[in-house]
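J.:
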Amino acid sequence: MLFPHFKAVLVERVFTECGVVHIVVRTLDDAAPCPDCELPSNRVHSCYERRLADSPIGDQPVLIELTVRRLYYGNGLCERRTFVEQVAGLTFRYGRRTPASRRVLEALAVALAGRAGARLAVSRRSAPCAYQVTDVQRWLGPPVSRCLR
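Residue 1143 in our numbering sits at position 85 of the sequence shown, with consecutive numbering throughout.
#1: For Thr1140, which residues in the same chain have their Cβ closer than 8 Å to its Cβ, ignoring the five residues on either side in sequence?
#2: Determine the closest residue to Arg1084 out of Val1126, Pro1157, Arg1154, Leu1135, with distance taken between C-alpha atoms.
#3: Per the DSSP calculation, Ser1104 is bridged to which residue(s)?
#4: Can you have a look at Asp1112 and say buried or exposed, based on whether 16 or more other CB atoms are within 10 angstroms of its CB?
#5: Which residue's Cα is closest to the Cα of Val1142: Pro1091, Leu1110, Leu1121?
#6: Cβ-heavy atom distance between Thr1149 and the ligand GTP below 6 Å?
#7: Pair every Cβ in the stretch 1154-1162 with every Cβ in the stretch 1069-1083, then say whether three or more of these pairs are closer than 8 Å.
#8: Which one of Val1145, Arg1154, Leu1166, Pro1157 has the shortest CA to CA distance from Val1067?
#9: Taking Glu1070 as part of the beta strand (DSSP E), name the residues at either end of that continuous run.
#10: Alpha carbons only, please: which of Glu1123, Glu1075, Val1072, Phe1150 is nearest the one belonging to Cys1105?
#11: Hey, how far is the Cα of Ala1188 from the Cα of Cys1136?
#12: At what residues does the beta strand (DSSP E) containing Phe1061 begin and finish?
#13: Are the C-beta of Ser1159 and some C-beta of chain B separated by less than 7 Å?
#14: Determine the burial state of Arg1155: buried for a count of at least 16 other Cβ atoms within 10 Å of its Cβ, exposed for fewer.
#15: Taking all protein chains shown into account, do 16 or more other C-beta atoms lie within 10 angstroms of the C-beta of Thr1074, making it buried, or fewer, making it exposed?
Spelled out as structure tokens, the structure:
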């Protein structure tokens, strides 16, 4: 499959604007599982649009515009009252990049570090600015030393 992370969504529209490929998608599932107890809910509270940066396609940056739902959850045994559906392979909580795009930035941050990784990420259109690579380095934390004694 060419875009495996689009398995659980419906692609509604693809267009290019200002050199950026926009892919407009929405979820296909009627119900989504609660992140705490994993029981499904289909009572819609509201909908909103998430914008996710994805890996570039042929030297053009990609922006995924995903419509997600906030769902009511009425299980009395679970403390959660509402939650936002997540799309496996495409989203994670509070993420503004797809997992595939994040893995590319993490690999650049680990392999090249600092300014070299930032310059390469910007030139490959994996990141719009150098600061994002240094942010990734902060997410990853300090490297683990594997010294033999």
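Glycine included, every Cβ here is placed at the ideal spot set by N, Cα and C.
T.: So, from the listed chains and residues:
#1: Residue 1140 sits at position 82 when you count from the first residue of the sequence shown. Excluding residues within five positions, the ones whose Cβ falls inside 8 Å are His1103, Arg1128, Leu1129, Tyr1130, Tyr1131.
#2: Residue numbering aside, residue 1084 sits at position 26 when the sequence shown is read from its first letter. Val1126 is the residue among Val1126, Pro1157, Arg1154, Leu1135 whose C-alpha sits nearest the C-alpha of Arg1084.
#3: Along the sequence shown, read from residue 1 onward, the residue named residue 1104 stands at position 46. Arg1128.
#4: Here the question's residue 1112 lines up with position 54 in the sequence shown. Taking every protein chain shown into account, the CB of Asp1112 has 16 or more other CB atoms within 10 angstroms, so this residue is buried.
#5: As a position in the sequence shown, residue 1142 is number 84, starting the count at 1. Nearest option by C-alpha distance: Pro1091.
#6: With respect to small molecules bound, the structure shown includes none, and the ligand GTP cannot be examined in it.
#7: No contact exists between the stretch 1154-1162 and the stretch 1069-1083.
#8: On the sequence shown, position 9 is the one that residue 1067 refers to. Measuring from the Cα of Val1067, the nearest candidate turns out to be Val1145.
#9: Taking the first residue of the sequence shown as position 1, residue 1070 is located at position 12. Per DSSP, Glu1070 belongs to the beta strand (DSSP E) from 1067-1075.
#10: If you number the sequence shown from 1, residue 1105 lands on position 47. Ranking Glu1123, Glu1075, Val1072, Phe1150 by CA distance to the CA of Cys1105 puts Glu1123 first.
#11: Position 130 of the sequence shown, counted from the start, is the residue given in the question as residue 1188. Position 78 of the sequence shown, counted from the start, is the residue given in the question as residue 1136. Confidence at Ala1188 is low in this model, with a pLDDT of 48, below 50, so the placement of that residue should be treated as unreliable; the coordinate-derived value is given next. Spanning the two alpha carbons is a distance of roughly 42 Å.
#12: To locate residue 1061, count along the sequence shown from 1; it is residue 3. No beta strand (DSSP E) contains Phe1061, which DSSP labels as neither H nor E.
#13: In summary, chain B is missing from the structure at hand, where a single protein chain is found.
#14: Translated into the one-based positions of the sequence shown, residue 1155 becomes position 97. Arg1155 is buried by the Cβ-count criterion.
#15: Position 16 of the sequence shown, counted from the first residue, corresponds to residue 1074. Counting Cβ neighbours within 10 Å, Thr1074 comes out exposed, since fewer than 16 surround it.
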